[in-house]
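In order, the protein sequences belong to chains E and P.
In terms of the working numbering, the first sequence opens at residue 1 and continues consecutively.
In terms of the working numbering, the second sequence opens at residue 1 and continues consecutively.
Cβ coordinates follow ideal geometry from the N, Cα and C atoms, glycine included.
Bear in mind the structure is a predicted one, so any value in this text is a computation, not a measurement.
Structure first, then comments.
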Amino acid sequence: MLEHLLALQVVLPLMAAPLIVLVRNRDFAWLATTAVSYVCLVIAIALFSRVAESGPLSYALGSWPPPWGIEYRADALSAFVLVLVSLTAAFVAPYAQRSIAAEVAPDRQYLMYAMYCLCLAGLLGITVTGDAFNLFVFLEISSLSTYVLIALGTRRKALVAAYQYMLMGTVGATLYVIGVGLLYLMTGTLNLADMAERLQAVDELRPVLAALAFITVGIGLKLALFPLHQWLPNAYAYAPSMATAFIAATATKVSVYVLLRFYFTVFDPAPIFERLPTREVFIALSVAAMVTASLIAVFEQDVKRLFAYSSVAQIGYITLGIGLENQASLTGSITHLLNHGVTKGAIFVLLGGVVLRAATPGVTVAGLAGLARRMPLTAFGLVIAGLSLIGVPGTAGFVSKWYLILGAIERGLWWLVLVIVATSLIAVAYVWRVVEAAYLRPSPDSGRREAPAGMLVAALAMAALCVYFGFDTSFSVGGAAEAAELLLRGTR
Amino acid sequence: MTLALCLLIPAAGALAIAAAHRRPNLREAASLIAAAALFAAVVSLWWPVMAGERPSLTLGEILPGLALRLELEPLGLLFALIASGLWFVSGVYSIGYMRGNAETHQTRFFVCFALAIASAVGVALAGNLLTLYLFYEALTFVTYPLVTHHGDEQARRGGRTYLALLLVSSMLFLLPAMAITWWIGGTLDFTPGGILAGKVSGGAAAGLLALYAFGIGKAALMPLHRWLPAAMVAPTPVSALLHAVAVVKAGVFTVVKIVIYVFGPDFGTSAFAWLPWVAGFTIIAASIVALRADNLKRRLAYSTVSQLSYVVMAAALLAPLSLAGAVLHIAAHAFGKITLFFAAGAVYTAAHKTEVSQLDGLGRRMPWTFAAFGVGALSMIGLPPFAGFVSKWYMVAGALQAQHWAALGVIVASTLLNAGYFLPILYKAFFKPHSGPGSGKEAPWTMVAAMVTTAALTVLMFFWADLPLALARSLI
Numbered sequence: 001m002l003e004h005l006l007a008l009q010v011v012l013p014l015m016a017a018p019l020i021v022l023v024r025n026r027d028f029a030w031l032a033t034t035a036v037s038y039v040c041l042v043i044a045i046a047l048f049s050r051v052a053e054s055g056p057l058s059y060a061l062g063s064w065p066p067p068w069g070i071e072y073r074a075d076a077l078s079a080f081v082l083v084l085v086s087l088t089a090a091f092v093a094p095y096a097q098r099s100i101a102a103e104v105a106p107d108r109q110y111l112m113y114a115m116y117c118l119c120l121a122g123l124l125g126i127t128v129t130g131d132a133f134n135l136f137v138f139l140e141i142s143s144l145s146t147y148v149l150i151a152l153g154t155r156r157k158a159l160v161a162a163y164q165y166m167l168m169g170t171v172g173a174t175l176y177v178i179g180v181g182l183l184y185l186m187t188g189t190l191n192l193a194d195m196a197e198r199l200q201a202v203d204e205l206r207p208v209l210a211a212l213a214f215i216t217v218g219i220g221l222k223l224a225l226f227p228l229h230q231w232l233p234n235a236y237a238y239a240p241s242m243a244t245a246f247i248a249a250t251a252t253k254v255s256v257y258v259l260l261r262f263y264f265t266v267f268d269p270a271p272i273f274e275r276l277p278t279r280e281v282f283i284a285l286s287v288a289a290m291v292t293a294s295l296i297a298v299f300e301q302d303v304k305r306l307f308a309y310s311s312v313a314q315i316g317y318i319t320l321g322i323g324l325e326n327q328a329s330l331t332g333s334i335t336h337l338l339n340h341g342v343t344k345g346a347i348f349v350l351l352g353g354v355v356l357r358a359a360t361p362g363v364t365v366a367g368l369a370g371l372a373r374r375m376p377l378t379a380f381g382l383v384i385a386g387l388s389l390i391g392v393p394g395t396a397g398f399v400s401k402w403y404l405i406l407g408a409i410e411r412g413l414w415w416l417v418l419v420i421v422a423t424s425l426i427a428v429a430y431v432w433r434v435v436e437a438a439y440l441r442p443s444p445d446s447g448r449r450e451a452p453a454g455m456l457v458a459a460l461a462m463a464a465l466c467v468y469f470g471f472d473t474s475f476s477v478g479g480a481a482e483a484a485e486l487l488l489r490g491t492r
Numbered sequence: 001m002t003l004a005l006c007l008l009i010p011a012a013g014a015l016a017i018a019a020a021h022r023r024p025n026l027r028e029a030a031s032l033i034a035a036a037a038l039f040a041a042v043v044s045l046w047w048p049v050m051a052g053e054r055p056s057l058t059l060g061e062i063l064p065g066l067a068l069r070l071e072l073e074p075l076g077l078l079f080a081l082i083a084s085g086l087w088f089v090s091g092v093y094s095i096g097y098m099r100g101n102a103e104t105h106q107t108r109f110f111v112c113f114a115l116a117i118a119s120a121v122g123v124a125l126a127g128n129l130l131t132l133y134l135f136y137e138a139l140t141f142v143t144y145p146l147v148t149h150h151g152d153e154q155a156r157r158g159g160r161t162y163l164a165l166l167l168v169s170s171m172l173f174l175l176p177a178m179a180i181t182w183w184i185g186g187t188l189d190f191t192p193g194g195i196l197a198g199k200v201s202g203g204a205a206a207g208l209l210a211l212y213a214f215g216i217g218k219a220a221l222m223p224l225h226r227w228l229p230a231a232m233v234a235p236t237p238v239s240a241l242l243h244a245v246a247v248v249k250a251g252v253f254t255v256v257k258i259v260i261y262v263f264g265p266d267f268g269t270s271a272f273a274w275l276p277w278v279a280g281f282t283i284i285a286a287s288i289v290a291l292r293a294d295n296l297k298r299r300l301a302y303s304t305v306s307q308l309s310y311v312v313m314a315a316a317l318l319a320p321l322s323l324a325g326a327v328l329h330i331a332a333h334a335f336g337k338i339t340l341f342f343a344a345g346a347v348y349t350a351a352h353k354t355e356v357s358q359l360d361g362l363g364r365r366m367p368w369t370f371a372a373f374g375v376g377a378l379s380m381i382g383l384p385p386f387a388g389f390v391s392k393w394y395m396v397a398g399a400l401q402a403q404h405w406a407a408l409g410v411i412v413a414s415t416l417l418n419a420g421y422f423l424p425i426l427y428k429a430f431f432k433p434h435s436g437p438g439s440g441k442e443a444p445w446t447m448v449a450a451m452v453t454t455a456a457l458t459v460l461m462f463f464w465a466d467l468p469l470a471l472a473r474s475l476i
């Protein structure tokens with residue numbers, strides 16, 4: 001019975017989208033999106049607790065048993081990511097009404113909701129499917145809907161940003177599908193678990209290595225792995241605020257999931273993983289992302305772009321854990337998927353409120369002057385989420401960073417410990433530019449105009465989660481540790 | 001139970017202060033009531049701790065094996081007593097100062113003040129390194145609004161230095177040190193005898209000690225001392241309580257705590273050999289800077305830098321007597337230095353003077369203020385019958401016990417330097433003729449009362465030295 005939830009998780013938002021387009025009413029659209037988001041969250045939590053209790057769940061689509069049919073599958077890792085995605089959706093969508101109404105033309109608003117549902121369906125689908133090609137389909141669903149979401153932004157530059165992302169995203173998806181094609185050629189199967197098994201028997205290594213490279217670069221584009229991150233800052237900066245909040249918290253995280261899935265479930269058991277300096281490459285790219293993107297953020301004037309570059313740096317932390325490849329570091333990575341998702345979600349929803357109340361569509365750091373006076377709760381929320389971004393103890397960010405440091409120590413890479421803490425310090429620099437502007441610069445006008453209550457509640461709830469996951473880690477670290485164990489079991 | 005109260009009272013106090021923001025008298029009453037209640041709660045823990053109990057409380061497990069845990073031992077009790085007791089006194093003082101100088105944002109000031117005390121008490125009660133680190137960092141962030149209270153360019157710059165140095169040290173050095181300790185020792189719980197005893201030695205131990213010593217930026221070991229003078233842009237009560245007591249004492253307290261409970265008093269002096277030299281250098285260098293500083297608060301700040309290194313140096317000698325001296329000096333310096341800052345604030349409020357060179361003849365116009373200043377200054381120099389003498393006595397004895405002649409030399413030399421930068425102030429105030437305009441009144445009575453109280457404590461600690469000494473003894 002519970003297995004049907006696996007299908008329902010994806011089908012619900014997928015069906016909601018055409019329904020919204022048919023009805024073409026923005027209030028209905030909002031209602032449907034809200035309902036879908038909440039139901040998806042309930043389903044994800046049900047799946048997570050079920051998987052935690054009794055192991056992986058599998059669902060054969062159309063009753064075609066795997067490996068012939070498409071298998072939907074939830075294990076410790078995918079259930080964790082499902083919760084992350086649907087949690088963010090449930091926090092963002094229901095409160096998006098005011099922000100969307102202000103930023104998107106009235107006759108296009110239903111489209112925004114429809115795309116939002118499609119994107120959600122795509123992301124959940126990627127996570128839940130056990131089939132490499134089906135994964136590609138969902139990747140495209142989520143990507144195409146994301147392009148539209150970005151293009152719906154108010155500024156003309158949104159079109160350029162969407163176009164830029166579309167070009168790079170399409171290249172990424174193409175590379176991915178070439179990689180999958182090569183793997184299919186060598187194994188004759190598309191089911192991920194089956195593929196992993198058959199890869200062990202493959203002697204011809206070159207095509208498999210090529211597949212690994214194609215998939216790494218393809219997915220690397222989607223997850224904004226340095227230096228393939230060029231699309232991200234513009235996309236985040238010019239998309240409608242709510243779209244940014246949702247995409248920032250989920251899209252790159254799901255791509256990381258795909259990478260983890262391929263690296264540890266599909267490739268790692270095969271003998272090829274040791275032949276390429278994958279680890280070294282990942283560590284080098286992650287460090288480059290952490291350092292350069294953080295430094296760019298320090299000098300960025302546009303607040304949304306500032307936090308977008310911060311995202312590139314934070315993705316560096318996540319991929320660093322993959323490169324270190326041990327229990328502690330992977331736990332750190334997977335925890336950081338959630339922790340960073342919640343943190344950035346909070347920040348971008350709060351910034352959505354700021355944009356809503358600002359006269360201009362873009363907000364610069366200087367434009368935040370006196371924010372604490374105009375929007376005290378928003379400013380306070382930004383401080384809390386900012387502390388989590390830095391990784392101050394007592395916030396979610398600290399927990400993931402702690403595990404990454406342990407992972408680096410375990411590998412004996414002392415210089416890496418230094419890099420991790422040093423980049424946290426750079427985070428202090430860019431977060432504090434915002435804090436200083438908000439609290440210590442005089443406000444141009446003294447009127448007090450807080451963000452709409454709904455958005456504020458959602459954002460502050462996410463900020464509260466940043467603190468909550470800093471103290472109670474039984475879900476975040478507990479789930480992540482289990483997932484990391486599952487991934488590493490394949491390698492031993 | 002009482003342990004939880006010790007954290008809840010100042011936190012609830014902060015809420016009450018915020019709630020009463022429209023009624024200043026009620027707000028200040030909330031501040032004082034919370035301070036008195038906290039002090040009573042901490043005092044009530046004296047007897048169980050002296051009887052050998054170690055009350056503890058686990059607030060929940062953050063990570064597997066790493067709990068948020070409170071455990072009170074004698075050293076923590078001493079720090080908690082100082083922080084909570086002086087909160088009340090400085091609360092009284094702040095009321096006079098903030099109103100006397102018509103400062104803005106008074107509610108924010110008192111709220112952050114209460115939160116800073118909560119964090120300091122959290123540092124004092126921490127039962128493991130992670131909990132301590134959590135409150136240690138919290139202390140940095142809640143004092144930031146106090147440092148930047150005036151909100152002008154100077155405050156922003158001071159605040160930046162403050163935050164940058166404290167976070168650079170704690171994130172770059174202390175956090176990795178903690179992770180390495182966890183990796184080597186498998187626990188972060190403070191263990192009598194030391195977590196690392198017998199587990200690490202030689203260069204690795206010295207390196208780890210360096211990470212800790214420089215990681216605890218609040219102890220202001222050179223070259224990481226610059227935040228302390230930078231923080232002097234804050235209103236004087238902040239300098240008094242936080243940068244003479246709560247924040248800097250959290251620093252040296254952490255150093256002593258780590259020496260005793262992470263490395264252990266029997267760790268072996270080889271890994272510690274370098275630390276007395278760095279601390280000794282800081283003592284002398286900071287004293288020389290103080291000698292040349294004309295701004296009164298700046299002079300006091302550098303005096304603090306120098307006095308803090310006394311504690312670090314004494315702890316690093318690892319001799320039982322010097323450890324006792326380190327513990328006593330935490331208390332002695334707190335009483336003396338808060339008196340000095342109170343006096344500096346009173347001079348600013350009553351006469352609007354900030355520089356040493358402007359103090360001529362003020363002693364006769366503000367006799368109470370300068371009498372208190374004199375008590376604080378003589379205690380800093382280490383003369384009887386003041387608290388500073390007791391701690392210095394033990395530190396000298398400790399240096400002899402460890403046969404560390406350089407440390408002995410540093411103590412003697414710095415005593416002379418202390419006299420060199422404090423006595424001229426007293427001479428100017430009492431014996432030079434008054435010049436220039438300016439009113440000739442004392443500061444508001446609440447400020448004078450607070451000052452006299454802490455000056456009296458400085459004297460009382462000399463006569464009742466056995467109370468803090470009992471705590472110090474039960475440590476070693």
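How close, in whole Å, do the beta carbons of P:Leu38 and P:Pro10 come, if the pair is a contact with beta carbons under 8 angstroms?
The Cβ separation is near 6 angstroms, so the contact holds.
When you compare only the Cα positions, how much space is there between E:Ser476 and P:Ala456?
Taking the straight line from one Cα to the other gives about 53 angstroms.
When you compare the CB positions of P:Thr349 and P:Ala206, do they come within less than 8 angstroms of one another, or not?
Going by C-beta atoms, P:Thr349 is not nearer than 8 angstroms to P:Ala206.
List the residues of chain E that P:Ala179 touches, going by C-beta distances under 8 angstroms, in chain order.
By Cβ distance, chain E contributes Trp402, Ile405, Leu406, Ile409, Val417.
Would you say the stretch 266-273 of chain P touches the stretch 102-113 of chain P, given that touching needs at least three Cβ pairs under 8 angstroms?
Not touching, per the Cβ criterion.
Return no unless some Cβ of chain P is closer than 8 angstroms to the Cβ of E:Phe267.
No, because no Cβ of chain P sits closer than 8 angstroms to the Cβ of E:Phe267.
Consider the Cβ of P:Gly251: report whether some Cβ of chain E lies at a distance smaller than 8 angstroms.
P:Gly251 does not count as touching chain E.
What first and last residue would you give for the alpha helix (DSSP H) that runs through E:Leu418?
Note, E:Leu418: alpha helix (DSSP H), 414-440.
Rounded to whole angstroms, what's the CA-CA distance from E:Val194 to E:Thr187? Just pull it up for me.
It should be noted that the sequence gives Asp, not Val, for residue 194 of chain E. If you take the alpha carbons of E:Asp194 and E:Thr187, they lie about 9 angstroms apart.
Helix, strand or coil for E:Asn191 per DSSP?
DSSP places E:Asn191 in strand when its eight states are reduced to three.
How many Å lie between E:Asp302 and P:Leu323 at the Cα?
Roughly 53 angstroms between the two C-alpha positions.
Is it a yes or a no for the stretch 159-174 of chain E touching the stretch 112-129 of chain E, going by three-plus beta-carbon pairs under 8 angstroms?
The answer is no - the stretch 112-129 of chain E does not touch the stretch 159-174 of chain E, with fewer than three Cβ pairs under 8 angstroms.
Going along chain E in order, which residues have a C-beta closer than 8 angstroms to the C-beta of P:Leu163?
Chain E residues near P:Leu163: Val428, Trp432.
Return the bridge partner residues of P:Asn295 from the DSSP annotation.
Paired residues: P:Glu355.
Assess contact between the stretch 322-341 of chain P and the stretch 391-402 of chain P, defined as three or more Cβ pairs (one per stretch) separated by less than 8 angstroms. Is contact present?
The stretch 322-341 of chain P vs the stretch 391-402 of chain P: in contact.
With 9 angstroms as the C-beta to C-beta threshold (strictly closer), list the residues of the stretch 455-483 of chain E near chain P in chain order.
Flagged, chain order: Gly470, Phe471, Asp472, Thr473, Ser474, Val477, Gly478, Ala481.
By the DSSP assignment, the beta strand (DSSP E) with P:Thr2 in it spans what residues?
P:Thr2 -> not in any beta strand (DSSP E); alpha helix (DSSP H) instead, spanning 2-19.
CA-CA distance, P:Pro462 and E:Gly391?
According to the sequence displayed, residue 462 of chain P carries Phe and not Pro. If I take the Cα positions, the gap works out to 44 angstroms.
According to DSSP, what are the bridge partners of P:Asn128?
According to DSSP, P:Asn128 bridges with P:Asp189.
Give me the chain B residues within the contact set of E:Glu436, using Cβ-Cβ distance strictly less than 7 angstroms, ordered along the chain.
The chain inventory of the structure shown lacks chain B, comprising the protein chains E and P.
Report the CB separation of P:Ile184 from P:Leu175 in whole angstroms; it is logged as a contact under 8 angstroms.
About 15 angstroms; that fails the 8 angstroms criterion.
Where does the unbroken beta strand (DSSP E) through E:Ser58 begin, and where does it stop?
That run of the beta strand (DSSP E) goes 57-60.
Taking 8 angstroms as the cut-off, decide whether the C-beta atoms of E:Ala182 and E:Ala211 are in contact.
Checking the displayed sequence, the identity of residue 182 of chain E turns out to be Leu instead of Ala. Yes; because the gap between Cβ atoms is below 8 angstroms, this pair is in contact.
For the beta strand (DSSP E) containing P:Ile62, list its first residue and its last residue.
That run of the beta strand (DSSP E) goes 56-63.
Can you tell me the Cα-Cα spacing of E:His336 and P:Ser474, whole angstroms?
Near 44 angstroms, if we compare the C-alpha coordinates of P:Ser474 and E:His336.
Is E:Gln97 near the ligand MG, in the sense that its beta carbon is under 7 angstroms from a heavy atom of that ligand?
Only the bare structure without any ligand can be found here, which leaves the ligand MG out of the picture.
Of all the options P:Ala116, P:Pro384, P:Ala465, P:His434, which has the alpha carbon lying nearest to the alpha carbon of P:Gly363?
Selected option, being the one with the closest Cα: P:His434.
When you check each C-beta in the stretch 206-217 of chain P against every C-beta of chain E, which residues fall closer than 9 angstroms?
Listed by position along the chain: nothing, the set is empty.
Check whether chain P comes within 8 angstroms of E:Ser333, counting only Cβ atoms and requiring the distance to be less than that.
Closer than 8 angstroms: no.
I'd like to confirm the pairing. Which residues does DSSP put opposite E:Arg73 in its beta bridges?
E:Arg73 is bridged to E:Ser58.
Give me the subset of the stretch 264-277 of chain P whose CB atoms are less than 9 angstroms from a CB atom of chain E, sorted by chain position.
Per Cβ criterion, the list is empty.
What did DSSP end up calling E:Glu103 once you bin it into helix, strand or coil?
Reduced to three states, the DSSP call for E:Glu103 is helix.
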